[in-house]
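As given, the protein sequences belong to chains E and B, one line each in that order.
Just add 47 to wherever you are in the first sequence, counting from 1, and you've got our numbering.
Just add 47 to wherever you are in the second sequence, counting from 1, and you've got our numbering.
Built from N, CA and C at the ideal position, the CB exists for glycine as well.
Protein chains: 2
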Amino acid sequence: MARKMGSFRHSLLERRERLLSTTKGYSEIVFPNIQEDLNESTRNWCSYRFFSDKIVGLGKQVQDFAYRGYQMGKSDPRKIVFSAKLGLALMLISLLIFLKEPIKELSQHFVWAILTVVVVFEFSIGATFSKGLNRGIGTLSAGGLALAMAELSHLAGAWEEAVIILSIFSVGFCATYAKLYPSMKPYEYGFRVFLLTYCFIMVSGYRTGEFIHTAISRFLLIALGAGVGLAVNILIYPIWAGEDLHALVAKNFTRVATSLEGCVNEYLNCTEYERIPSKILTYQASDDPLYSDYRAAVESTSQEDALMGFAIWEPPHGPYRSFNYPWKNYVKVSGALRHCAFMVMALHGCILSEIQAPAERRQVFHHELKRVGAEGARVLLELGNKVKRMEKLGPVDILYEVHEAAEELQNKVDRKSYLLVNAESWEIGNREKELGEPQDLLTFDDDENNKVLEYKSRSEAVLDLRSMTMPKSWDRHVPQHGHQAHLPSKYFL
Amino acid sequence: MARKMGSFRHSLLERRERLLSTTKGYSEIVFPNIQEDLNESTRNWCSYRFFSDKIVGLGKQVQDFAYRGYQMGKSDPRKIVFSAKLGLALMLISLLIFLKEPIKELSQHFVWAILTVVVVFEFSIGATFSKGLNRGIGTLSAGGLALAMAELSHLAGAWEEAVIILSIFSVGFCATYAKLYPSMKPYEYGFRVFLLTYCFIMVSGYRTGEFIHTAISRFLLIALGAGVGLAVNILIYPIWAGEDLHALVAKNFTRVATSLEGCVNEYLNCTEYERIPSKILTYQASDDPLYSDYRAAVESTSQEDALMGFAIWEPPHGPYRSFNYPWKNYVKVSGALRHCAFMVMALHGCILSEIQAPAERRQVFHHELKRVGAEGARVLLELGNKVKRMEKLGPVDILYEVHEAAEELQNKVDRKSYLLVNAESWEIGNREKELGEPQDLLTFDDDENNKVLEYKSRSEAVLDLRSMTMPKSWDRHVPQHGHQAHLPSKYFL
Numbered sequence: 048m049a050r051k052m053g054s055f056r057h058s059l060l061e062r063r064e065r066l067l068s069t070t071k072g073y074s075e076i077v078f079p080n081i082q083e084d085l086n087e088s089t090r091n092w093c094s095y096r097f098f099s100d101k102i103v104g105l106g107k108q109v110q111d112f113a114y115r116g117y118q119m120g121k122s123d124p125r126k127i128v129f130s131a132k133l134g135l136a137l138m139l140i141s142l143l144i145f146l147k148e149p150i151k152e153l154s155q156h157f158v159w160a161i162l163t164v165v166v167v168f169e170f171s172i173g174a175t176f177s178k179g180l181n182r183g184i185g186t187l188s189a190g191g192l193a194l195a196m197a198e199l200s201h202l203a204g205a206w207e208e209a210v211i212i213l214s215i216f217s218v219g220f221c222a223t224y225a226k227l228y229p230s231m232k233p234y235e236y237g238f239r240v241f242l243l244t245y246c247f248i249m250v251s252g253y254r255t256g257e258f259i260h261t262a263i264s265r266f267l268l269i270a271l272g273a274g275v276g277l278a279v280n281i282l283i284y285p286i287w288a289g290e291d292l293h294a295l296v297a298k299n300f301t302r303v304a305t306s307l308e309g310c311v312n313e314y315l316n317c318t319e320y321e322r323i324p325s326k327i328l329t330y331q332a333s334d335d336p337l338y339s340d341y342r343a344a345v346e347s348t349s350q351e352d353a354l355m356g357f358a359i360w361e362p363p364h365g366p367y368r369s370f371n372y373p374w375k376n377y378v379k380v381s382g383a384l385r386h387c388a389f390m391v392m393a394l395h396g397c398i399l400s401e402i403q404a405p406a407e408r409r410q411v412f413h414h415e416l417k418r419v420g421a422e423g424a425r426v427l428l429e430l431g432n433k434v435k436r437m438e439k440l441g442p443v444d445i446l447y448e449v450h451e452a453a454e455e456l457q458n459k460v461d462r463k464s465y466l467l468v469n470a471e472s473w474e475i476g477n478r479e480k481e482l483g484e485p486q487d488l489l490t491f492d493d494d495e496n497n498k499v500l501e502y503k504s505r506s507e508a509v510l511d512l513r514s515m516t517m518p519k520s521w522d523r524h525v526p527q528h529g530h531q532a533h534l535p536s537k538y539f540l
Numbered sequence: 048m049a050r051k052m053g054s055f056r057h058s059l060l061e062r063r064e065r066l067l068s069t070t071k072g073y074s075e076i077v078f079p080n081i082q083e084d085l086n087e088s089t090r091n092w093c094s095y096r097f098f099s100d101k102i103v104g105l106g107k108q109v110q111d112f113a114y115r116g117y118q119m120g121k122s123d124p125r126k127i128v129f130s131a132k133l134g135l136a137l138m139l140i141s142l143l144i145f146l147k148e149p150i151k152e153l154s155q156h157f158v159w160a161i162l163t164v165v166v167v168f169e170f171s172i173g174a175t176f177s178k179g180l181n182r183g184i185g186t187l188s189a190g191g192l193a194l195a196m197a198e199l200s201h202l203a204g205a206w207e208e209a210v211i212i213l214s215i216f217s218v219g220f221c222a223t224y225a226k227l228y229p230s231m232k233p234y235e236y237g238f239r240v241f242l243l244t245y246c247f248i249m250v251s252g253y254r255t256g257e258f259i260h261t262a263i264s265r266f267l268l269i270a271l272g273a274g275v276g277l278a279v280n281i282l283i284y285p286i287w288a289g290e291d292l293h294a295l296v297a298k299n300f301t302r303v304a305t306s307l308e309g310c311v312n313e314y315l316n317c318t319e320y321e322r323i324p325s326k327i328l329t330y331q332a333s334d335d336p337l338y339s340d341y342r343a344a345v346e347s348t349s350q351e352d353a354l355m356g357f358a359i360w361e362p363p364h365g366p367y368r369s370f371n372y373p374w375k376n377y378v379k380v381s382g383a384l385r386h387c388a389f390m391v392m393a394l395h396g397c398i399l400s401e402i403q404a405p406a407e408r409r410q411v412f413h414h415e416l417k418r419v420g421a422e423g424a425r426v427l428l429e430l431g432n433k434v435k436r437m438e439k440l441g442p443v444d445i446l447y448e449v450h451e452a453a454e455e456l457q458n459k460v461d462r463k464s465y466l467l468v469n470a471e472s473w474e475i476g477n478r479e480k481e482l483g484e485p486q487d488l489l490t491f492d493d494d495e496n497n498k499v500l501e502y503k504s505r506s507e508a509v510l511d512l513r514s515m516t517m518p519k520s521w522d523r524h525v526p527q528h529g530h531q532a533h534l535p536s537k538y539f540l
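Here you go:
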């Protein structure tokens with residue numbers, strides 16, 4: 048309500064200002080929108096400017112689109128190469144079809160060659176092989192089955208048509224049902240091709256009576272399309288799924304390391320979100336760099352699985368021979384890294400959470416926390432580099448420094464844990480009381496405070512006292528203030 | 048080495064036993080494998096039994112396969128219905144082609160109708176619409192462009208063929224490059240159809256000189272296929288992606304709740320993994336129920352996104368009207384739930400980690416921890432039920448109980464935090480010492496211990512003392528033992 052009133056007053060002020068500052072007429076101030084709308088619509092339909100504006104706008108959109116396309120090509124030139132390769136393959140197959148015109152029978156079915164190129168031509172070699180294999184096996188098995196069924200249907204005599212229709216139904220049912228089985232998912236495309244080929248040969252064969260001819264010419268043209276597609280895709284600048292997987296895993300290490308160090312630094316700098324982006328709360332993609340880095344590492348599971356599924360189809364290539372083509376191990380390494388990403392996620396949760404440790408407490412552990420963060424990030428970066436350069440770990444224990452840093456932090460926590468506990472409520476006796484400093488944390492002056500705290504636990508409530516000042520000699524003395532925030536270290540670390 | 052020796056001795060013992068217990072000859076004991084292999088291969092190639100065994104084995108495999116198929120159908124009968132629907136659609140389209148034989152011209156291109164049914168017929172209505180739309184737009188725009196280009200190429204006269212080939216290259220390049228743009232991913236199939244149609248019409252039109260005829264007959268047959276496919280898929284037992292999404296989100300709540308309560312209980316029961324399954328460490332699917340439940344909730348991102356992408360295409364249906372078809376909100380809710388799953392993941396990490404809190408310390412907080420876990424799980428289950436039944440939350444604050452439980456735990460932690468800190472290393476003075484109980488945690492008797500601890504921090508090392516006994520009156524007294532484990536609460540909670 049208060050906000051509404053505020054915005055209302057604000058708009059009133061704005062209007063008065065406009066009244067004073069402009070020399071326009073009364074109506075324009077009271078009904079500025081209507082006036083503008085009228086002006087707009089008059090302009091829209093009557094003047095030349097409208098069209099020129101539209102054209103300029105369209106031109107800008109096209110320019111923008113072209114610019115983004117240019118940016119994409121600049122950041123990954125392989126995409127340009129790949130597009131050109133596909134264009135080349137299509138051009139080649141069209142040329143072959145044009146030249147082959149004498150063999151009329153074969154070129155009647157030329158659509159299969161084009162279809163095969165369009166469908167089989169995938170970005171990476173592995174994906175191309177996997178799809179090609181699916182297509183090949185689907186076509187061959189469907190062709191065999193269709194020929195057998197055609198012979199059987201001939202025996203049925205007058206019932207031939209009924210047998211064909213029924214066989215189409217039952218093959219359609221069985222192939223679709225098998226396709227839905229989870230472990231059959233990689234072969235989904237093969238099942239589709241199987242169905243299509245079977246129906247095509249049965250129907251086409253029945254119409255022309257030439258089952259075998261249909262099957263063979265179709266197979267030849269698919270082989271032609273697959274041959275051209277594979278040759279162009281493999282021989283000219285091949286793009287390997289295995290290399291993509293390798294680069295992705297190495298990049299994930301860098302991402303998690305950046306996120307880790309970023310989280311620790313932001314925590315120590317007491318960065319606070321004024322309002323947590325709802326995209327982060329609902330785990331959607333966001334442009335917060337801390338968040339997007341670790342989210343990308345967590346979210347790459349499906350991409351890695353897909354790349355691995357393709358990489359295992361690829362022929363020997365590149366420097367991977369000495370490691371025996373470690374695609375599965377890359378995925379495992381990335382899975383282990385994902386656990387680190389979950390930890391970073393938990394750290395980020397400390398920055399995101401409503402309950403925050405006071406800045407002064409963070410400063411006490413500043414040096415140690417920073418060192419642990421930096422050393423952890425260093426280890427991750429080092430591992431990422433090793434993965435990237437395909438090197439083995441040296442004789443130096445790369446965990447040494449991070450263990451040292453962790454131990455240093457642990458010692459500091461041990462020495463300073465009185466900052467993190469609520470010693471005056473200990474059952475074994477109140478240390479502070481014994482020292483003559485009663486602390487009465489939970490006496491609030493007014494009802495309003497209690498209302499706010501209705502659903503907060505005591506320790507949560509206590510943490511609201513962020514503005515308190517610290518005694519200068521904090522490190523060496525027992526707390527002097529009555530309102531010190533005592534929080535268990537789970538909120539702090 | 049020790050293990051190798053052990054297994055060697057074990058196998059020796061085994062052999063002696065076999066020598067004593069069997070009456071077979073010497074050679075069979077010294078070379079048991081060779082003998083068995085020889086027997087096996089003799090049997091394999093000479094006897095009838097080999098083939099019968101193989102056939103029985105094959106029969107068993109078929110039986111097993113059929114059984115698993117039966118199980119799949121039993122758990123989700125929609126899969127059976129869907130398969131039958133596809134079979135029916137294929138049967139109908141074949142029938143139509145058979146009947147239409149008089150219109151020879153049209154039925155020459157019947158393959159497009161079959162192709163469309165096979166490709167467009169997807170499990171859910173939304174996916175079917177989305178693919179159908181892609182196919183329709185791809186075909187229409189490619190048809191338009193191809194007709195325009197055909198007219199242009201006619202103008203080129205002698206260079207017609209070259210213009211066609213070049214246009215195929217440039218269209219192939221542009222369409223593929225646009226397809227690779229990330230935001231174009233949902234339309235990937237449309238681009239493929241576009242390319243295929245364009246090439247087909249250009250090549251086929253050039254061969255027959257009938258560009259328009261090819262384009263129209265092709266479009267009519269695609270419309271026929273799409274019509275039959277859509278009619279069968281929508282009119283007979285429609286399967287909605289939106290309903291799947293709804294069920295998935297509701298199920299994820301149950302999964303996370305089960306996992307949460309399971310983690311807390313296992314923690315309190317001090318369940319330890321003898322050896323952590325490497326699948327968990329590398330974040331792969333595993334059959335550990337705790338792990339698989341929360342992993343499924345985390346991993347369902349891509350599935351949810353796919354289902355939402357389909358659901359927004361679906362026509363109004365079911366009880367979702369009153370909620371204005373909340374597909375996007377379902378995904379958001381599930382994203383928020385994912386944060387709970389990450390917390391459960393962190394809890395599970397406590398059970399998985401090498402450093403474990405001693406059982407006795409866990410028992411101190413047993414009641415409170417159990418209550419927090421149970422109440423948290425109850426809230427999640429309740430929310431899941433509300434989502435499932437599409438009800439709004441009642442006037443009762445469902446967070447009340449879990450807040451109460453958390454506060455109870457917090458109070459307990461406040462009262463007992465002396466169990467969690469290393470008070471004798473406090474810089475402000477050693478409480479225990481003042482009470483006359485020196486604790487010398489870090490004097491180890493032998494070198495071996497120190498070696499083990501080389502890379503462990505002090506507090507980590509202290510936690511190895513799990514076998515210690517607790518004083519019976521633990522709750523009310525200052526610890527009496529010298530070797531109590533003092534750990535910051537981050538290890539404990």
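(message) I'd like the span of the alpha helix (DSSP H) that includes Tyr-447 of chain E, first residue to last.
(response) Segment 447-463, the alpha helix (DSSP H) holding Tyr-447 of chain E.
(request) Consider the Cβ of Arg-462 of chain E: report whether some Cβ of chain B lies at a distance smaller than 8 Å. (result) At least one C-beta of chain B is nearer than 8 Å to the C-beta of Arg-462 of chain E.
(request) State yes or no: is the C-beta of Trp-360 of chain E within less than 8 Å of the C-beta of Ser-230 of chain E? (result) Contact flag unset, no.
(message) Among the candidates B:Val-250, B:Asn-432, B:Phe-112 and B:Leu-242, whose CA atom is the shortest distance from the CA of Ala-297 of chain B?
(response) Comparing Cα-Cα distances from Ala-297 of chain B to each of B:Val-250, B:Asn-432, B:Phe-112 and B:Leu-242, the minimum goes to B:Asn-432.
(message) Just to confirm my understanding: we take Glu-207 of chain E, look at its own chain, exclude 5 residues before and 5 after, and list those with CB closer than 8 Å. What are they?
(response) Beyond the five residues adjoining it in sequence on each side, Glu-207 of chain E comes within less than 8 Å, by CB distance, of Ser-200, His-201 and Tyr-253 in the same chain, given in chain order.
(message) Can you tell me whether Trp-287 of chain B is helix, strand or coil according to DSSP?
(response) In the structure shown, the three-state DSSP call for Trp-287 of chain B is coil.
(request) Check whether the stretch 254-267 of chain E touches the stretch 184-198 of chain E, taking contact to mean three or more Cβ pairs, one atom from each stretch, closer than 8 Å. (result) Flag = yes, the stretch 254-267 of chain E and the stretch 184-198 of chain E touch.
(message) Less than 7 Å between C-beta atoms, sequence neighbours within five positions excluded: which residues of the same chain meet that for Arg-385 of chain B?
(response) Sequence-distant partners of Arg-385 of chain B (beyond 5 residues in either direction) whose C-beta falls short of 7 Å from its own C-beta, in its chain, are Ala-344 and Val-345.
(message) DSSP three-state label for Gly-276 of chain E, please.
(response) Helix.
(message) Let me make sure I understand the geometry here. Which of B:Leu-446, B:Val-426, B:Glu-319 and B:Glu-451 has the alpha-carbon closest to that of Ile-402 of chain B?
(response) Between Ile-402 of chain B and the set B:Leu-446, B:Val-426, B:Glu-319 and B:Glu-451, the nearest pair of CA atoms involves B:Glu-319.
(message) So with CB distances below 8 Å, who are the chain E contacts of Cys-397 of chain B?
(response) Result: empty, since nearest Cβ-Cβ is about 12 Å, beyond 8 Å.
(request) Would you please verify whether the beta carbon of Lys-126 of chain E is less than 8 Å from any beta carbon of chain B? (result) Judged by the 8 Å Cβ criterion, Lys-126 of chain E is in contact with chain B.
(request) Could you tell me whether any Cβ in chain B is nearer than 8 Å to the Cβ of Tyr-338 of chain E? (result) Under the 8 Å criterion on CB atoms, Tyr-338 of chain E is classed as non-interfacial with respect to chain B.
(message) Measuring alpha carbon to alpha carbon, tell me which residue in B:Pro-233, B:Ala-270, B:Val-279 and B:Arg-96 is nearest Thr-163 of chain B.
(response) Looking at the Cα atoms, B:Ala-270 is the closest of the given residues.
(message) Using C-beta distances below 6 Å, list every residue in its chain close to Val-279 of chain B, excluding the 5 sequence neighbours before and after it, in chain order.
(response) So the list reads Lys-132, Leu-135 and Ala-136, once near-sequence residues are dropped.
(request) Output, in sequence order along the chain, the residues in the stretch 401-414 of chain B whose CB is closer than 7 Å to any CB in chain E. (result) So the list is empty, because no residue satisfies the distance condition.
(message) Please confirm whether Ile-81 of chain E has its beta-carbon closer than 8 Å to some beta-carbon of chain B.
(response) Caution applies to Ile-81 of chain E, whose pLDDT of 41 falls short of 50 and renders its modelled position unreliable; the model cannot decide the point.
(request) Establish whether the CB of Gln-331 of chain B and some CB of chain E are separated by less than 8 Å. (result) By this cut-off, Gln-331 of chain B is an interface position.
(message) Could you compute how far the alpha carbon of Ile-102 of chain B sits from the alpha carbon of Gly-289 of chain E?
(response) C-alpha separation (whole angstroms): 40 Å.
(message) Looking at Glu-474 of chain E: is its Cβ nearer than 8 Å to the Cβ of Arg-462 of chain B?
(response) Contact flag set, yes.
(message) Short of 7 Å in beta carbon distance, which residues of its chain neighbour Glu-157 of chain E, apart from the five on each side in sequence? Order them along the chain.
(response) In the sequence under discussion, the amino acid at residue 157 of chain E is Phe, which differs from the Glu named in the question. Ile-144 and Leu-268, listed in sequence order.
(request) Could you list the residues in the stretch 165-194 of chain E with a C-beta less than 8 Å from some C-beta on chain B, going in chain order? (result) Answer in chain order: Val-165, Val-166 and Phe-170.
(message) Any beta carbon of chain E sitting closer than 8 Å to that of Gly-252 of chain B?
(response) False, the Cβ-Cβ gap to chain E never drops below 8 Å.
(message) Quick check: the Cα distance between Leu-194 of chain E and Lys-121 of chain E, rounded to an integer number of angstroms?
(response) Cα-Cα distance, rounded: 51 Å.
(request) Could you check what DSSP says for Phe-78 of chain B in three-state terms: helix, strand or coil? (result) Because the pLDDT of Phe-78 of chain B is 37, which lies under 50, any placement of that residue in the model is unreliable, and the number read from its coordinates should be weighed accordingly. If DSSP states are grouped into helix, strand and coil, Phe-78 of chain B belongs with coil.
(request) Tell whether a beta-carbon distance below 8 Å holds between Ile-286 of chain B and Arg-125 of chain B. (result) Yes, the pair counts as a contact, with Cβ atoms nearer than the cut-off.
(request) Name the two residues that bound the continuous alpha helix (DSSP H) containing Thr-223 of chain B. (result) Unbroken alpha helix (DSSP H) run through Thr-223 of chain B: 207-226.
(request) Taking Leu-337 of chain E and His-395 of chain E to be in contact with their CB atoms under 8 Å, please state how far apart those CB atoms are, rounded to whole angstroms. (result) Contact between Leu-337 of chain E and His-395 of chain E is confirmed by a C-beta separation of about 6 Å, below the 8 Å threshold.
(request) Report the rounded CA-to-CA distance for Leu-416 of chain B versus Phe-370 of chain B, giving the unit in angstroms. (result) Roughly 37 Å between the two C-alpha positions.
(request) Verify the CB distance criterion: does Leu-277 of chain E have a CB-CB separation below 8 Å to chain B? (result) Contacts with chain B at 8 Å (Cβ-Cβ) do not include Leu-277 of chain E.
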